[in-house]
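K.L.:
Sharing a structure with you now.
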Amino acid sequence: MTSGGVIIAGAAETDEVGRLPEHSTLHLHVEAARNAVRDAGLTMKDIDGIASVSAPGPTAVAHALGIYPDWIDGTGVGGTSFLLHVRHAAAAIRAGYAKTVLITHGESGRSRVGAPRWSLDLASPAGQFEAIYGTLGPTTTFTIPLLRYMKEYGLTQEQLAYVAVAQRQWAAKNPRAMFRDIITTADVLDSRMVAYPFHLLECCLVTDGGGALIVTSADRAGDFPKPPAHVIGTGEAAESPTISQMIDFTESRMFRQAGRKAFAEAGITTADVDHLMIYDAFAHVPIYGLEALGFVKKGEAGPFIADGNTEPGGRLPLNTNGGGLSYTHTGMYGMFAIQEGVRQIRGEAAAQLDNPEISVILGNGGMFATCGVLVLARQPR
Amino acid sequence: MPKPVPVPTPETKPFWDGAAAGELRIQRCLDCGGPFFYPRTLCPNCGSEHVEWFTASGRATLYSYVINHRPARGFEDEGPYAIAVVQLAEGPRMMTNIVGVPATPQALVLDMPLKVAFERRGDMAIPVFAPDEEADEENS
Numbered sequence: 123m124t125s126g127g128v129i130i131a132g133a134a135e136t137d138e139v140g141r142l143p144e145h146s147t148l149h150l151h152v153e154a155a156r157n158a159v160r161d162a163g164l165t166m167k168d169i170d171g172i173a174s175v176s177a178p179g180p181t182a183v184a185h186a187l188g189i190y191p192d193w194i195d196g197t198g199v200g201g202t203s204f205l206l207h208v209r210h211a212a213a214a215i216r217a218g219y220a221k222t223v224l225i226t227h228g229e230s231g232r233s234r235v236g237a238p239r240w241s242l243d244l245a246s247p248a249g250q251f252e253a254i255y256g257t258l259g260p261t262t263t264f265t266i267p268l269l270r271y272m273k274e275y276g277l278t279q280e281q282l283a284y285v286a287v288a289q290r291q292w293a294a295k296n297p298r299a300m301f302r303d304i305i306t307t308a309d310v311l312d313s314r315m316v317a318y319p320f321h322l323l324e325c326c327l328v329t330d331g332g333g334a335l336i337v338t339s340a341d342r343a344g345d346f347p348k349p350p351a352h353v354i355g356t357g358e359a360a361e362s363p364t365i366s367q368m369i370d371f372t373e374s375r376m377f378r379q380a381g382r383k384a385f386a387e388a389g390i391t392t393a394d395v396d397h398l399m400i401y402d403a404f405a406h407v408p409i410y411g412l413e414a415l416g417f418v419k420k421g422e423a424g425p426f427i428a429d430g431n432t433e434p435g436g437r438l439p440l441n442t443n444g445g446g447l448s449y450t451h452t453g454m455y456g457m458f459a460i461q462e463g464v465r466q467i468r469g470e471a472a473a474q475l476d477n478p479e480i481s482v483i484l485g486n487g488g489m490f491a492t493c494g495v496l497v498l499a500r501q502p503r
Numbered sequence: 090m091p092k093p094v095p096v097p098t099p100e101t102k103p104f105w106d107g108a109a110a111g112e113l114r115i116q117r118c119l120d121c122g123g124p125f126f127y128p129r130t131l132c133p134n135c136g137s138e139h140v141e142w143f144t145a146s147g148r149a150t151l152y153s154y155v156i157n158h159r160p161a162r163g164f165e166d167e168g169p170y171a172i173a174v175v176q177l178a179e180g181p182r183m184m185t186n187i188v189g190v191p192a193t194p195q196a197l198v199l200d201m202p203l204k205v206a207f208e209r210r211g212d213m214a215i216p217v218f219a220p221d222e223e224a225d226e227e228n229s
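Taken in sequence, the protein lines are chains A and B.
Just so you know, the first sequence maps onto residues 123 to 503 in this note's numbering.
Just so you know, the second sequence maps onto residues 90 to 229 in this note's numbering.
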């Protein structure tokens, strides 16, 4: 057993993100793992725990790296899985099951090299009761709740569009972002309609890339080349595997549930948060996230973003890498949200804030199906 | 390419048998009384195994939707089409398509009354919803 504190000691992405047709899915995991292990000043021999999602899964990743782990986590609940891996790794480290855990993500989302074929199980609940109505992945399911929210709370199309405008301002500061040209609300509303009320620029990118993390006990905080990101609070929650059964289309119960756990463990309130990442597969997700975490009251998030509060110079910097809308989105974006949180805490982000003490990361998996929340800090709790 | 056809499982077969017979059958709990959808063997509210099938009224209201402009397989001939979630008069919600009305924001008004209809696909029938003109008259 350790004192209980846990840190992220290593964090890195693949050398490049974007269009990587020469990288297989497995190679993206391997390259990200190599970079994170180097970032922590370690070797693969130091790793005794592994967490990853399929494809190809933790066993395949560990074997490719020459690691024979004592602890394995294959939690695969969509794009938020890596936030849950951090939480589970923290518990494993406290329990003494592992000392140094490697968490990897790699996805050939755009090029589909060595990637699983998309298939639809028409016997599953989602197949029998949703896919038969012509759903086409997240653009037609994740998006369905929003019209109800717009009716109940008066969110306008212009306010929704401004979520993409605000995040592009952050992306413009990030040389690795796929889209960096400043855009206007009119540009967003003039982009192609994908699934009303969502236009193309309100939907995330589809890219190739990967990222990896090294999680270990805070007792070792001084042993690594980079400053630690202390994991001071974590939460996870699940809601519905199908969008039609989401409890209330105007709010995410699981965001609130996981957020409360993480904030309580960290002993913080929203006023303590210097930096925020909310998984933005679509432009409405930051709106649901801001309200569920309690940064604003219900119905206020659209105007809050449109008033400039989350863009560069605003009081609550949100999605400072440019987010899934402008930076990168391989399919399971949660790893990149964690990476930006770590960079901000370390002081090495492309759009670096002024010494943020606390970064909160909210991850979504599936279509409002599973949630993870992390609170990272410069100092131990 | 035809539209996808659902593959029933033992716990969902009564639903699809009902649809083939022109009925929208859902379940309710005999202990806590709550109706629920999608089909399950335990009540999701209280955990009871004492659940039964009944025929719902087929009346619903439009809870939320998108108008999809990139058709899924089998929907290529539809033009933009509405993928909706409706609230049944009995309470549960389900996904569906809205038929008998243009797939436009002007024609698809949230909370509009709807009535179930059935679309044949091979040997199966798929519940879809159309504007409920009788309910409109009652309200006017």
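No residue lacks a Cβ here, since even glycine has one placed at the ideal position from N, Cα and C.
These numbers come from a predicted model, not from an experiment.
#1: Going straight from the alpha carbon of A/Gln281 to that of A/Pro178, what length do you get?
#2: Applying a beta-carbon distance threshold of less than 8 Å, which residues of chain B neighbour A/Thr265?
#3: For A/Gln501, count neighbouring Cβ atoms within 10 angstroms of its own Cβ and tell me buried if that reaches 16, exposed if not.
#4: Buried or exposed: which applies to B/Glu138, given that a residue is buried once 16 or more other Cβ atoms fall within 10 Å of its Cβ?
#5: Between the beta-carbon of A/Glu361 and the beta-carbon of A/Phe490, is there less than 7 Å?
#6: Of all the alpha helix (DSSP H) runs that stay within the bounds of the segment 130 to 198 of chain A, which reach a length of 4 or more residues?
#7: Determine, for A/Gly256, whether the minimum Cβ-Cβ distance to residues of chain B falls below 7 Å.
#8: At the level of alpha carbons, what is the spacing between A/Met123 and A/Phe417?
#9: Can you check whether the CB of A/Val199 is closer than 7 Å to the CB of A/Gly487?
#10: Please list the terminal residues of the continuous alpha helix (DSSP H) segment that includes A/Gln281.
#11: Please check the pair B/Thr144 and B/Leu119, which I expect to be a contact at CB under 8 Å, by giving their CB distance rounded to whole angstroms.
#12: Could you give the distance in angstroms between the alpha-carbon of B/Asp221 and the alpha-carbon of B/Ile215?
#13: Show which residues of chain A have a CB atom less than 7 Å away from the CB atom of B/Met90.
#14: Please state the DSSP three-state secondary structure of A/Met123.
#15: Quick one: Cα of A/Ile400 to Cα of A/Met315, how far?
#16: How close, in whole Å, do the beta carbons of A/Ile409 and A/Ala423 come, if the pair is a contact with beta carbons under 8 Å?
#17: Going along chain B in order, which residues have a C-beta closer than 7 Å to the C-beta of A/Val316?
#18: As an exercise, report each continuous alpha helix (DSSP H) stretch of at least 4 residues that is fully enclosed by the segment 242 to 283 of chain A, in chain order.
#19: Report yes if the CB atom of A/Ile189 is closer than 7 Å to the CB atom of A/His207, and no otherwise.
#20: Run the CB neighbour count on B/Met184, radius 10 Å, all protein chains shown included, and call it buried at 16 or more, exposed below.
#21: What are the boundary residues of the alpha helix (DSSP H) that includes A/Gln461?
#22: Could you name each continuous beta strand (DSSP E) segment of 3 residues or more that falls completely within the segment 291 to 325 of chain A, going from the start of the chain to the end?
#23: Exposed or buried, what is B/Pro91 when buried is set at 16 or more other beta-carbons lying within 10 Å of its beta-carbon?
#24: Examine chain A for any beta-carbon lying closer than 7 Å to the beta-carbon of B/Thr150, and answer yes or no.
#25: Could you spell out the range, first to last residue, of the beta strand (DSSP E) harbouring B/Gln176?
#26: Quick check on the DSSP output: what are the complete beta strand (DSSP E) runs of length 3 or more inside the segment 136 to 224 of chain B, in order along the chain?
P.N.:
On the basis of the supplied data:
#1: Within the first sequence, the letter at position 159 stands for residue 281 of chain A. Within the first sequence, the letter at position 56 stands for residue 178 of chain A. So the two alpha carbons sit approximately 39 Å from each other.
#2: As a position in the first sequence, residue 265 of chain A is number 143, starting the count at 1. Ordered by position in chain B, the residues that pass the 8 Å Cβ test against A/Thr265 are Val155.
#3: Counting from 1 along the first sequence, the entry for residue 501 of chain A is found at position 379. Exposed, because fewer than 16 other Cβ atoms sit within 10 Å of the Cβ of A/Gln501.
#4: Sequence index remark: in the second sequence, residue 138 of chain B carries index 49 (1-based). By the neighbour-count rule (16 or more Cβ atoms within 10 Å), B/Glu138 is not buried but exposed.
#5: Sequence index remark: in the first sequence, residue 361 of chain A carries index 239 (1-based). Sequence index remark: in the first sequence, residue 490 of chain A carries index 368 (1-based). It is a contact, given that the beta carbons lie within the stated cut-off.
#6: 147 to 161, 180 to 187
#7: Position 134 of the first sequence, counted from the start, is the residue given in the question as residue 256 of chain A. Yes, A/Gly256 lies at the interface with chain B (some Cβ there is under 7 Å from its Cβ).
#8: Reading the first sequence from its first residue, position 1 is the one you call residue 123 of chain A. Reading the first sequence from its first residue, position 295 is the one you call residue 417 of chain A. Confidence is the limiting factor: at A/Met123 the pLDDT is only 44, short of 50, which leaves the residue's position unreliable, though a coordinate-based value still follows. So the two alpha carbons sit approximately 36 Å from each other.
#9: Residue mapping note: residue 487 of chain A aligns to position 365 of the first sequence, counting from 1. Residue mapping note: residue 199 of chain A aligns to position 77 of the first sequence, counting from 1. Taking 7 Å as the Cβ cut-off, A/Gly487 and A/Val199 qualify as a contacting pair.
#10: For the purposes of this step, residue 281 of chain A is taken as the residue at position 159 of the first sequence. Run containing A/Gln281: 279 to 293, per the alpha helix (DSSP H) assignment.
#11: On the second sequence, position 55 is the one that residue 144 of chain B refers to. On the second sequence, position 30 is the one that residue 119 of chain B refers to. Between B/Leu119 and B/Thr144 the Cβ distance is about 16 Å, and since that is not below 8 Å, they are no contact.
#12: In the second sequence, residue 221 of chain B corresponds to position 132, counting from 1. In the second sequence, residue 215 of chain B corresponds to position 126, counting from 1. Computed Cα separation, rounded: 18 Å.
#13: Along the second sequence, one-based indexing puts residue 90 of chain B at 1. Going along chain A, no residue has its Cβ under 7 Å from B/Met90, so there is no contact; the nearest lies around 12 Å.
#14: As a working note, residue 123 of chain A is residue 1 in the first sequence. Reliability fails at A/Met123, whose pLDDT of 44 lies under 50, so the model's placement of it is uncertain and the value that follows must be treated cautiously. Three-state DSSP puts A/Met123 in coil, outside helix and strand.
#15: Counted from its first residue, the first sequence places residue 400 of chain A at position 278. Counted from its first residue, the first sequence places residue 315 of chain A at position 193. The straight-line gap from Cα to Cα measures roughly 24 Å.
#16: Counted from its first residue, the first sequence places residue 409 of chain A at position 287. Counted from its first residue, the first sequence places residue 423 of chain A at position 301. Going by Cβ atoms, the distance from A/Ile409 to A/Ala423 rounds to 4 Å, so yes, they are a contact pair.
#17: Position 194 of the first sequence holds residue 316 of chain A. Simply His158, Arg159.
#18: 247 to 251, 268 to 275
#19: Taking the first residue of the first sequence as 1, we reach residue 189 of chain A at position 67. Taking the first residue of the first sequence as 1, we reach residue 207 of chain A at position 85. No.
#20: Residue numbering aside, residue 184 of chain B sits at position 95 when the second sequence is read from its first letter. That one is buried.
#21: Position 339 of the first sequence, counted from the first residue, corresponds to residue 461 of chain A. From DSSP, the alpha helix (DSSP H) with A/Gln461 extends over 456 to 468.
#22: 315 to 318
#23: In the second sequence, residue 91 of chain B corresponds to position 2, counting from 1. Exposed: under 16 other Cβ atoms inside 10 Å.
#24: Looking up residue 150 of chain B in the second sequence gives position 61. Not an interface residue.
#25: Sequence index remark: in the second sequence, residue 176 of chain B carries index 87 (1-based). Start and end: 170 to 177.
#26: 140 to 144, 148 to 157, 170 to 177, 182 to 186, 202 to 210, 213 to 220
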